[in-house]
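Structure, as structure tokens:
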Amino acid sequence: MGSLPARLDYNRATNVHKFRDRALRDRNYKVFVDTLGQISHVYNLTIDAEEKENLINSNSKKIKTI
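With the numbering used here, the residue at position 24 of the sequence shown is 18, and numbering never jumps.
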């Protein structure tokens, strides 16, 4: 399956998470969504190409609308 954890459903191994981790991006921003479907990281790629400053707790109106 490529990752843990798994569970047995109908004699088949299936992933415990119904929603997989994902990363979405556009020209300016990259957003990470966790297994619960919640945004966990937001990066402004225009000024932070190395993705060092997570803006998830930023007070910026732009970040809050993502």
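Ideal Cβ placement from N, Cα and C applies to all residues, glycine included.
Requested in this report: Could you tell me whether the Cβ atoms of Val25 and Val36 are closer together than 7 Å?
Outcome: At a Cβ-Cβ threshold of 7 Å, Val25 and Val36 count as neighbours.
Query - Extent of the continuous beta strand (DSSP E) to which Ile60 belongs - result: First-last for Ile60: undefined, no H or E at that position.
Query raised in the report: Could you check where the beta strand (DSSP E) with Asn22 kicks off and where it finishes?
Result: Boundaries for Asn22: no beta strand (DSSP E) harbours it, and the DSSP string shows neither H nor E there.
Report task. Could you please give me the residues that DSSP links to Asn9 through a beta bridge? Result -> Residue pairing by DSSP places Asn9 opposite Ala0 in a beta bridge.
Requested in this report: Report the option in Asp15, Ser34 and Asn38 whose CA atom is closest to the CA atom of Glu47.
Outcome: A check of alpha carbon separations from Glu47 across Asp15, Ser34 and Asn38 identifies Asn38 as the nearest.
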